[in-house]
Structure formats: structure tokens, C-alpha cells
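Visitor: Next up is a structure, given as C-alpha cells.
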Amino acid sequence: MADEWVESVRRATDLVDVASRYVNLRKRGQKWVGLCPFHEEKSPSFQIDPDKQLYYCFGCHAGGDVFRLVEKLDHKSFGEVVRALAQDAGIALPERGTAEERERRDRVRKALVAALDLYRKALRSPQGEVARRYLKEERKLSDKSIERFGLGWAPSSSILAETFGDGRAGTDPEGIARALIETGMIKPGPPRSGGSVSGGDLFRSRVMIPIRDREGGAPVGFGGRTLETSGRSPKYLNSAESPTFKKREILFGIDQAARAMKREGRVLVVEGYFDVIGLSQAGIENVVAPLGTALGPAHISAIKKHAGEVLLLFDGDRAGREAAMSIIGRFLWDPDLTFRAVWLPDGIDPDTWVAKIGREAVEKALSEALPMGDFVLDWLSSSVVRARTSKDPDLRANLTRDFLDMVRAFPDLEVQDRLLDRGAILLGTMKDLLAHSLLSGQEAAKDHRKERLPEEGGPTLGNRALSVRNHLVELLRIWTDGESPHPREILKRDDFAFVEETGLASILDELWAQGEAGPDKSGPGIFHDLLKRDPPLMKLWYELPADPGSRQERLEDIRLAAWRMSRKRKRKEGRGGSGQPETPPTPL
740 MADEWVESVR
750 RATDLVDVAS
760 RYVNLRKRGQ
770 KWVGLCPFHE
780 EKSPSFQIDP
790 DKQLYYCFGC
800 HAGGDVFRLV
810 EKLDHKSFGE
820 VVRALAQDAG
830 IALPERGTAE
840 ERERRDRVRK
850 ALVAALDLYR
860 KALRSPQGEV
870 ARRYLKEERK
880 LSDKSIERFG
890 LGWAPSSSIL
900 AETFGDGRAG
910 TDPEGIARAL
920 IETGMIKPGP
930 PRSGGSVSGG
940 DLFRSRVMIP
950 IRDREGGAPV
960 GFGGRTLETS
970 GRSPKYLNSA
980 ESPTFKKREI
990 LFGIDQAARA
1000 MKREGRVLVV
1010 EGYFDVIGLS
1020 QAGIENVVAP
1030 LGTALGPAHI
1040 SAIKKHAGEV
1050 LLLFDGDRAG
1060 REAAMSIIGR
1070 FLWDPDLTFR
1080 AVWLPDGIDP
1090 DTWVAKIGRE
1100 AVEKALSEAL
1110 PMGDFVLDWL
1120 SSSVVRARTS
1130 KDPDLRANLT
1140 RDFLDMVRAF
1150 PDLEVQDRLL
1160 DRGAILLGTM
1170 KDLLAHSLLS
1180 GQEAAKDHRK
1190 ERLPEEGGPT
1200 LGNRALSVRN
1210 HLVELLRIWT
1220 DGESPHPREI
1230 LKRDDFAFVE
1240 ETGLASILDE
1250 LWAQGEAGPD
1260 KSGPGIFHDL
1270 LKRDPPLMKL
1280 WYELPADPGS
1290 RQERLEDIRL
1300 AAWRMSRKRK
1310 RKEGRGGSGQ
1320 PETPPTPL
């Protein structure tokens, strides 16, 4: 857009006239004043200087020229505003590109509008009955939503090729078929005798969803949802990439959502077309979705024009975690945007979610969306609970690795440190071990098993040796959890005199030598060095699920186990009852 042409539009446009469309103005001296259109007020603080053609509000400090005013009030891009004001002023639009390029853009636009008209008519026809039933009965969409989003139907026949031909000379005077071939909507085939169509449509037996990049604009592409059940075709299919349709730059629904995004200052990002349509039908209008791609830089740039906060909905499965990590690593540093997130209930899409619990419940959940750091901890907490009861060994083994992968994605080291603090408590492990794995870029549990644990098929532990180590793992976890009472206040080193194995005994000696500070606060790597002294103990440390009992119950179990094992050892040695009492310790 040439600067000279923009300036000609500015000179031909009077700010007072344009502002009067939105504000009741009255003259005060050389200025015009009125109630500010950008915030609620009772006394006028909005002022226009007609000589400078600038406005300013002394209440909310909004200010700018005529272009900025219309941008903010009509929720349009700069280019859209300038073109609209140019039309009002009777100024012709500048020609973009070569005559050939302009002719091609116009031809493609007309072709896609013509295709949309056919699809919409097909949906209303008898052959569209199956699609109408799908939209209304399965997707629960109203006629108003179907009309608002321009949904249509591509029947099993090649409706475009049959209507517009295959683009051969003399059969396509308006160039519609040629444009549809160029955009991939029609796939051309070899000529047939008699001039019949040999090509076929890209979209067949699909519910058609037009994709627009601005409000009121012509479609730039289409998405199609198959209703075939054979499984031979992809469920969703998008138009082919073209100069006017780039999937990584377009957000579905932004044409409908832009005003609500501006009004609310935030946008809800979901995954699919029908998520957007279903939420919008329920009254949650500030919702968009990428076109089957990850959220990218072009999407973020588009969002920043309309909103400052991004709400993300993620599935609770691995794909959801990977999507969360991608957002965290790529965009969390952006100073112009705030990201918050919500885990979806297992196996439920957003459109099903809002249909099931209603708009108010969904909006309440969105209002409680967590900042990304808390979001990760919330996932970890619920995953730990599932891991305690799960019989799936992979779930327990991969939990630490998945957590560290998400922590690693955060660009802020202070946030990483806070996550490690809380994550260590939830996982029942040591912060310095998590930090070591994080900094080395390794997967904690997998790495330690691989390099420091006994080889598979090595010597197995007897029942007593395994029991001793199980209780020591619990002791170590409680010793380092930072809560009261500290085990050192209740237990003595001599309570574990029955532990004779050199590695285990040296670990206990080191614990009581360090005192309440514990190895976790005595410098990085010290706790890990202790575990290295007994590889089977380290293996149990990572594999043994957290005890679901309360902290007091766990301490009681350790005291009682120590008393029993000490008594058995003394009886075996024939030392009778001297020293250790023969009655169990009294409860805490």
C-alpha cells in the first residue's frame, strides 16, 4: 500500500465526521468533545483537534488519527480501514501487482465464491440430507450456525467439474474452471472424446467449511469433513496451498471472532472446525483454530492484532502434552501475550464439552485457566495420582521424563526452578536430581536406569533385603520433604543398627551426619552420590510408587519396621531383650 496513496486518503477524510458515527460530539472552543467510545464515563474526556486531525482521551489515554480510531472501533486491520475510507472518499484503490496477477486473484476469488454457492445449494438439496442430518443430529448445530459459517455439502459426484467444465479452451469463458484447477479444487484428467469432463473434484462426500481470513471476505480455501465410513479417506481435508491460501498463516474462525477478541481482550484457541462452531453457537465467540497445524508465528501475529491473552485447551494425552510443550517453548517469551491453559476432560472435544455442561460451566472453567507453569504442575499432580493406582509400568516410568520435557520448554530459569521445587515433592524425589537431569538434557528415570542400575538379569534381592530398601526409600523421601516433624526428631541412627550392608549403612551414617539440612540442601549431586552407593536402592527410588498414606502413617510404618527388624536380628544372634525394647514403639 503506497504511502502517497494512504496520505491522500488521510487528507480527504475528516476525523470529526468519521468520529461522529460513533460519538455524540459538541464543539468546545477550537476542539470537539464527547464521551469516550473506549471506556465507560459520565463526563466527556474524549477530545478531537480538527487542525491536527488527532483525538485523545484524558481518561483512558487512547489517542491517534482517523485510521487508528476506526481500527479500534470496527476491529479491522489497517489495510481494511484505509480501503474503506478511500471508498467513502471516492478515491480509487491502487492496483497491486501486475495486471496478470490482479486478474488471477480476481478469478480465484470469483471461483471460490462460485464453489461456495454450489456447496450451500447442495446442502439444501435432497442429496444433502445425509449432511444435514450429520450437522443437526451429531453436531447439534442450528440452522443459524450453519448459515453463519456458510457450511455446505460436496456430494459424491464431481459437482464443480460437472458445473464449470475442465478449463479447456472455449468451455470456460469466465476462467472459473481454470481457477479451480489452479487452486486444486478440480483435479484435471486427460481429454475425452466429445468434450466430456475427465477430471474430478478434490472434495467429494464431504461437509464443506469455507475458510475466510477477514470478516465479510470471500473464502480463501475450504476444509472438508468426510462422511464416508470406509476409512480409506482422511477424516479432514483442506484446500491445497496456494498464493492466497497458506495454512500456517490462517486461523479458522477469525473472521467471526475478531470483534469478540477485541471486546474481551482474549482469544480461545482450539483444535478443529467444529470446536470453533460449537463454542460459537453456545455464545463463546472469541474462539479460533489453526488449520491442522501447530500454532505458529503467523498465527500469533494475527492474534496480537486483536487480543493480549491466549487461552489454550489441551487434551490430557501425550499429543496434548506435546502441544503444550510446543507453545511453552516457542511463544511464552512474547511480552505482548499472556498464555493460560485448561486440560480438557479425557476423551471430550470442546464442542462436546460445551454441549454437555453448558456455556456458563465452560466459561467458569476458562476463567479459572492456569498460567502455564501452574498448568504443568496441575498435570503432574493428577498424573502422580493415576500412576499410584495404575498397573501400567510405562505410565510410572515415563512420568519424570515427561515432566522434565515440559519444564525444559520454559524459557524463564526462575520458573524452571519453581517447577523443580514443587515437582520434586510431587514425584517424591530430590530437586537436585531433577535439576541434574534437566541441565544435562537427559531423561531422569530412563538415564539413571540405563547408566547406574544393575543390568537386567543380574542378582535379585531376597525378601529381607528388598524390605529393608523399601523402608529406606520411604525414610529418604520423608527426610527430604521439608515438613515437620523431621525423622531425626523421632528416630535415632541406632534404630537402624540391623542394617549391615556397607552401602546402606554408609548412607544412613551420612544422613545423620548431615542433620536436618539433609543431603538435598548440602550441594548439588550429594544425594545422587549417596544413592550410587547402592544401585538396587537407586532402582527402587525411581520405580517404587509413592505411598498413598499420610506422612504420619508412613513415619509410623518406618518406626515399626525398624523395631521389628532389630528385634529379629537380636533374637537370631541370641542376645535376648537387652537394649531395644520388646514392646512396639508408642504411636506418634
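Under the numbering used here, the first residue of the sequence shown is numbered 740, with each subsequent residue one higher. Note that CB positions come from ideal geometry on N, CA and C, so glycine has one too.
Fully enclosed by the region 975 to 1032, which alpha helix (DSSP H) runs are 4 residues long or longer?
Guide: 993 to 1003 and 1012 to 1020, all fully within the region 975 to 1032.
Visitor: Which whole-angstrom value describes the C-beta separation of Gly960 and Phe984, a residue pair presumed to lie in contact below a C-beta threshold of 8 Å?
Guide: That pair is a contact at about 4 Å.
Visitor: On the DSSP letters alone, give me the boundaries of the alpha helix (DSSP H) that Leu790 sits inside.
Guide: Here residue 790 turns out to be Asp, not Leu, going by the sequence shown. Where Asp790 is concerned, there is no enclosing alpha helix (DSSP H), given that its DSSP letter is neither H nor E.
Visitor: If I measure Cβ to Cβ from Ala751 and keep anything under 7 Å in the same chain, skipping five residues before and after, which residues do I get?
Guide: Excluding residues within five positions, the ones whose Cβ falls inside 7 Å are Ala828 and Ile830.
Visitor: Write down the C-beta distance between Asn977 and Glu1003 rounded to the nearest angstrom, noting that I regard them as a contact closer than 8 Å.
Guide: With a Cβ gap of about 28 Å, Asn977 and Glu1003 do not count as contacting.
Visitor: Mapping DSSP to helix, strand and coil, what is Arg1098?
Guide: In the structure shown, Arg1098 sits in a helix (DSSP, three-state: H, G or I).
Visitor: From Ala838 to Val821, what does the alpha carbon distance come to, in whole angstroms?
Guide: Near 22 Å, if we compare the C-alpha coordinates of Val821 and Ala838.
Visitor: In its own chain, which residues sit with a C-beta less than 7 Å from the C-beta of Glu1255, not counting the 5 before and 5 after it?
Guide: With a pLDDT of only 45 at Glu1255, under 50, the local geometry of the prediction cannot be trusted, and no value is derived from it.
Visitor: Excluding the five sequence neighbours on either side, which residues of its own chain have a C-beta within less than 7 Å of the C-beta of Ile885, listed in chain order?
Guide: Here the set comprises Leu874.
Visitor: Can we say the region 1136 to 1149 touches the region 1088 to 1107, given the rule of at least three CB pairs closer than 8 Å?
Guide: They do not touch, by the three-pair rule.
Visitor: Which term fits Ser1121, buried or exposed, when burial requires 16 or more other beta carbons within 10 angstroms of its beta carbon?
Guide: Exposed, by the Cβ-count rule.
Visitor: Closest by CA to Trp892, which one among Val1212, Leu966 and Trp771?
Guide: Closest option to Trp892, Cα to Cα, is Leu966.
Visitor: What's the gap between the Cα of Ser782 and the Cα of Arg767?
Guide: Looking at the two C-alpha atoms, the distance is approximately 14 Å.
Visitor: Taking the alpha-carbon positions, what's the Arg953 to Asp994 distance?
Guide: Computed Cα separation, rounded: 4 Å.
Visitor: From Phe1277 to Val1212, what does the alpha carbon distance come to, in whole angstroms?
Guide: Going by the sequence as given, residue 1277 is Met instead of Phe. One C-alpha to the other measures close to 9 Å.
Visitor: Throw me the rounded Cβ distance for the Ile1066 and Leu1034 pair, which I believe falls under 8 Å.
Guide: Right, their Cβ atoms sit about 6 Å apart.
Visitor: By the DSSP assignment, the beta strand (DSSP E) with Met1304 in it spans what residues?
Guide: Element bounds for Met1304: not the beta strand (DSSP E) but the alpha helix (DSSP H), Arg1290 to Glu1312.
Visitor: Thinking Leu890 and Asp940 are a contact (beta carbons under 8 Å), I'd like their distance in whole angstroms, please.
Guide: About 17 Å; that fails the 8 Å criterion.
Visitor: In whole angstroms, what is the alpha-carbon distance linking Ala1063 and Ala1148?
Guide: Computed Cα separation, rounded: 9 Å.
Visitor: Quick one: residues in its chain with C-beta nearer than 7 Å to the C-beta of Leu919, no 5 flanking neighbours on either side, listed in chain order?
Guide: Within the same chain, Leu919 has close Cβ partners Ala850, Ala854, Leu899, Phe903 and Ile925.
Visitor: Taking DSSP as the reference, what is the three-state secondary structure of Phe1078?
Guide: Correct three-state label for Phe1078: strand.
Visitor: Buried or exposed: which applies to Gln1020, given that a residue is buried once 16 or more other Cβ atoms fall within 10 Å of its Cβ?
Guide: Counting Cβ neighbours within 10 Å, Gln1020 comes out buried, since at least 16 surround it.
Visitor: Between the C-alpha atoms of Lys883 and Ala870, what's the straight-line distance to the nearest angstrom?
Guide: So the alpha carbons of these two residues sit roughly 16 Å apart.
Visitor: Please say whether Arg943 and Ser981 have beta carbons closer to each other than 8 Å?
Guide: Going by C-beta atoms, Ser981 is not nearer than 8 Å to Arg943.
Visitor: Pick helix, strand or coil for Leu1276, following the three-state DSSP scheme.
Guide: Helix, per DSSP.
Visitor: Looking only at its chain, what residues have a beta carbon closer than 7 Å to the beta carbon of Ser784, apart from the 5 residues adjacent to it on each side?
Guide: For Ser784, where only same-chain residues beyond five positions count, the Cβ hits under 7 Å are Cys775, Cys796, Phe797 and Gly798.
Visitor: Under DSSP, the beta strand (DSSP E) around Lys815 begins and ends at which residues?
Guide: Lys815 -> no beta strand (DSSP E), and no H or E assigned at all.
Visitor: Pull the bridge partners of Val946 from the DSSP assignment, please.
Guide: Note: Val946 sits in a beta bridge opposite Trp892 and Arg964.
Visitor: Express the C-alpha separation of Pro958 and Trp744 in angstroms, rounding to a whole number.
Guide: Answer to the nearest angstrom: the Cα atoms are 27 Å apart.
Visitor: Does the region 1077 to 1096 come into contact with the region 1037 to 1044, if we say contact requires no fewer than three beta-carbon pairs (one atom in each stretch) closer than 8 Å?
Guide: Short answer: they don't touch.
Visitor: Nearest by alpha-carbon distance to Val847: which of Glu901, Leu880, Arg917 and Val1049 is it?
Guide: Measuring from the Cα of Val847, the nearest candidate turns out to be Arg917.
Visitor: Measure the CB-CB distance between Val772 and Leu764 and report whether it falls below 8 Å.
Guide: Yes, these two residues count as a Cβ contact at 8 Å.
Visitor: For the region 843 to 876, list the alpha helix (DSSP H) runs that are entirely contained and at least 4 residues long, ordered along the chain.
Guide: Whole alpha helix (DSSP H) segments, 4+ residues: 868 to 872.
Visitor: Quick one, which of Ile787, Arg760, Val762 and Asp753 has its alpha-carbon nearest Gln769's?
Guide: Selected option, being the one with the closest Cα: Ile787.
Visitor: Which residues does DSSP pair with Gly939 in a beta bridge?
Guide: Gly939 pairs with Lys926.
Visitor: Taking the C-alpha atoms as reference points, what is the distance between Glu1312 and Ser1129?
Guide: Rounded to whole angstroms, Glu1312 to Ser1129 spans 42 Å at the Cα level.
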